[in-house]
RNA sequence: CGGAGAGUGGUGUAAUGGUAGCACGAGUCCUUUGGGAGGAUUUAGUCCGGGUUCAAAUCCCGGCUCUCCGACCA
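Numbering (our numbering), first residue to last: 372 to 788.
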């Protein structure tokens with residue numbers, strides 16, 4: 372990608388009343404654009420990050436044996452009435468069509484997935500079954516917050532599992548926990564993310580949330596010093612002990628809920644009278660679980676954690692590009708060599724954004740580079756060409772390395788990986 | 001939903017009742033190229049509606065929007 376062609380430029384300023392660091396940086400660096408409060412466009416750079424997160428999640432879900440589908444956002448009123456949530460789910464966006472049929476925009480998809488799966492599951496032989504989608508959710512929040520951390524429309528991965536027994540649900544639930552940990556590890560937020568006991572809302576008495584510690588979080592959690600678990604303040608008394616080892620918990624820390632998992636059991640299958648025939652011939656309600664991850668929130672949480680005064684520092688697996696190639700100066704020889712390096716990197720299959728902009732000073736290029744936060748910076752300049760080399764620097768390190776151009780691809784394979 | 005603050009060129013801001021100014025951006029030209037360069041020149045603005053006043057960006061009323069705090073949050 373040539374930066375001269377990139378849609379949207381970086382901004383020097385963002386509104387002074389935007390205090391969330393992730394919102395400031397993502398707006399300034401041109402990853403997102405705000406249409407209205409809690410409603411955002413993902414620009415080319417931001418979409419690349421979302422797509423990478425999506426790919427990581429998609430692979431992990433498939434490793435669980437889950438199959439991906441895409442359900443509609445427009446969900447008829449009668450489905451919500453079946454579960455009682457037309458009235459009880461306060462955040463539904465409701466609308467009416469020309470045909471007088473009322474709908475709600477999907478805020479969660481039990482009302483769609485349960486009748487869908489019921490059509491195809493009738494025997495214990497059809498279970499277990501896991502279905503997921505990655506799709507926009509709509510929630511009429513009273514208040515949106517902190518850029519993409521809390522919005523009214525957001526991309527969500529929602530996985531639904533169906534089981535013949537509680538035991539089978541329990542087993543799958545544990546597998547999902549492991550898959551979630553793998554996702555968090557790839558996003559480099561695992562060490563700050565705690566499995567947190569929280570209230571279940573309309574789903575159940577308790578639920579498990581994954582809370583990532585950051586000052587921008589809207590929840591307060593108490594952490595066990597030993598286990599990697601926590602308790603959400605919303606459960607009440609702060610004298611609660613660790614639900615795993617019984618130790619006293621930490622002082623409250625701010626955290627953001629990036630994912631949650633629920634054992635819905637029979638709650639929604641009962642509403643739709645979704646039964647299967649068990650081995651003994653009896654008709655039983657299907658046991659169900661649901662598991663959500665908000666993708667933009669994950670992206671925002673990463674930026675909250677990985678940034679410095681100059682800009683974002685993307686973890687490599689979700690960086691929009693791996694390399695930021697910059698050519699410095701107007702020397703035609705430098706430009707020619709930079710073009711050659713760009714083509715050679717592309718040919719080697721590397722994801723590279725090339726700052727080929729003319730009439731842009733070196734200061735501005737370097738500031739933009741740090742702001743956008745690509746993991747590896749490669750500079751071609753008169754200085755580097757005197758050594759027949761390029762200069763390589765990691766975004767989060769001070770050290771500069773000069774690498775001979777003819778050995779560059781080999782170096783990238785061996786050192787950068 | 002309660003509270004607070006704020007809406008001025010594309011962006012960020014100044015002007016508290018009296019000439020709408022500055023910076024960035026964008027356009028043209030010249031110079032410049034290792035940490036947001038310099039000069040010349042052009043461009044474009046008071047959220048909407050009503051009121052007070054000789055005079056309103058400024059004061060008053062209503063509306064809309066944004067941000068923050070709280071409540072809420074499958």
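For every residue, glycine included, the Cβ atom is placed at its ideal position computed from N, Cα and C.
Predicted model only: the values in this text are computed from it and were never measured.
From the options, residue whose alpha carbon lies closest to that of residue i
i, options, result
"residue 513", "682, 525, 461 and 547", "461"
"residue 421", "704, 675, 531 and 689", "689"
"residue 529", "395, 707, 483 and 538", "483"
"residue 580", "700, 745, 559 and 551", "551"
"residue 777", "709, 658 and 675", "709"
"residue 545", "632, 498 and 606", "632"
"residue 673", "382, 394, 381 and 387", "394"
"residue 686", "584, 743 and 711", "743"
Straight-line Cα distance separating residue j from residue i
i, j, result
"residue 435", "residue 502", "10 Å"
"residue 771", "residue 750", "10 Å"
"residue 458", "residue 636", "22 Å"
"residue 600", "residue 565", "5 Å"
"residue 556", "residue 732", "38 Å"
"residue 384", "residue 399", "7 Å"
"residue 516", "residue 762", "40 Å"
"residue 723", "residue 375", "13 Å"
"residue 725", "residue 467", "48 Å"
"residue 788", "residue 569", "40 Å"
"residue 613", "residue 716", "51 Å"
"residue 413", "residue 745", "17 Å"
"residue 582", "residue 627", "5 Å"
"residue 403", "residue 389", "14 Å"
"residue 780", "residue 619", "53 Å"
"residue 543", "residue 769", "45 Å"
"residue 409", "residue 670", "15 Å"
Same chain only: Cβ atoms within 8 Å of residue i, ignoring 5 sequence neighbours per side
i, result
"residue 616", "595, 597 and 598"
Status (buried if at least 16 other CB within 10 Å, exposed otherwise) for residue i
i, result
"residue 678", "buried"
"residue 378", "exposed"
"residue 532", "buried"
"residue 504", "buried"
"residue 406", "exposed"
"residue 675", "buried"
"residue 794", "Because the chain in this structure spans residues 372 to 788, residue 794 falls outside the shown range and cannot be described."
"residue 741", "buried"
"residue 753", "exposed"
"residue 373", "exposed"
"residue 446", "buried"
"residue 380", "exposed"
Cβ shell of residue i (< 7 Å), same chain only, five flanking positions each side left out
i, result
"residue 665", "525, 527 and 629"
Beta-bridge partners of residue i, as assigned by DSSP
i, result
"residue 413", "403"
"residue 747", "694 and 765"
"residue 505", "528"
"residue 395", "Answer by DSSP bridge pairing: none, since residue 395 is not bridged."
"residue 656", "646"
Proximal residues to residue i (C-beta, below 6 Å), its chain only, five neighbours per side dropped
i, result
"residue 736", "697 and 726"
"residue 586", "625"
"residue 571", "577 and 578"
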